[in-house]
Ligand code: 99T
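Numbering (the numbering used here), first residue to last: 148 to 348.
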């Protein structure tokens, strides 16, 4: 199967971290592609009408997207560790994934506002609204980290979100006032699945 991804994409990183953790990484051919709200690579658009990455193309040509669907699909193939728990723990993990992905959605909208939108059309209150969502999500991380399991789809998503803030938003200084999250992330980012997928871009 082929994963359309970009080395900066935190959503694609989530997929790759899960693939490492479940031992599936060698079954995935990774192909770099570009995606942007103002125009994505033809290969991306051919597989995902939304023009977004990641997309996973199966041997029979079926394309899976978005990252949540891909992660759950891969988890189902795992003969070893599973990152989507069952029972009550499932909802806890999925809500943390949604929280982290929502943080990322706000971060990406901010990123596009900063780098793509012509300066004359930028709207300060809109960016302030998005960065407010990022801060609120981070405050929820801070309340959650002490009670989380070591590894599930929620912890992977949270770590990928924090890694993206380090890459694109050093100005937000997310560690300030969030010592529990900073300590948790310092330990988590040492996992081989994380060191093998450090974002670039
Ligand atoms: O918005 C677009 O049209 C193109 N953007 C993307 O494809 C981004 C790339 S991260 N991916 C998503 O928005 C996927 C979101 C989806 N819900 C999922 O897969 O979970 C690029 C980051 C960067 O370069 O800074």
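Glycine included, C-beta positions come from ideal geometry on N, C-alpha and C.
Residue from 169, 148, 194 and 196 whose Cα sits closest to the Cα of residue 298:
For the residues 169, 148, 194 and 196, the minimum Cα distance to residue 298 belongs to 169.
By DSSP, does residue 302 sit in helix, in strand, or in coil?
Residue 302 falls in the helix class under three-state DSSP.
Cut-off 6 Å between Cβ atoms - residues of its own chain near residue 212, not counting five sequence neighbours on either side
The answer, listed in chain order, is 195 and 202.
Can you tell me whether residue 199 sits near the ligand 99T, meaning its C-beta is under 7 Å from at least one heavy atom of the ligand?
It does: the Cβ of residue 199 is within 7 Å (strictly closer) of some heavy atom of the ligand 99T.
Could you name each continuous alpha helix (DSSP H) segment of 4 residues or more that falls completely within the segment 212-262, going from the start of the chain to the end?
214-224 and 235-262, all fully within the segment 212-262.
Rounded to the nearest angstrom, what separates residue 167 and residue 252 at their Cα positions?
Between residue 167 and residue 252, the C-alpha separation is close to 24 Å.
Whose C-beta lies closer than 8 Å to the C-beta of residue 257 among residues of the same chain, with five residues either side of it excluded?
Excluding five sequence positions before and after residue 257, the CB atoms of its chain that fall closer than 8 Å to its own CB belong to 274, 277, 278, 281 and 316, given in chain order.
Grab me the residues of residue 361's own chain with a C-beta within less than 7 Å of its C-beta, minus the 5 sequence neighbours each way, in chain order.
This structure leaves residue 361 out entirely; the chain is present only between 148 and 348.
Span separating the alpha-carbon of residue 172 from that of residue 327
C-alpha separation (whole angstroms): 30 Å.
With a threshold of 7 Å (Cβ to nearest heavy atom), would residue 184 be considered close to the ligand COA?
The ligand COA is absent from the structure shown, which contains only the ligand 99T.
Give the DSSP-derived three-state secondary structure of residue 278 in the structure shown.
DSSP places residue 278 in the helix class (H, G or I) of the three-state scheme.
Relative to the ligand 99T, is the shortest distance from any of its heavy atoms to the C-beta of residue 391 smaller than 7 Å?
Nothing can be reported for residue 391, as the shown portion of the chain is limited to 148 through 348.
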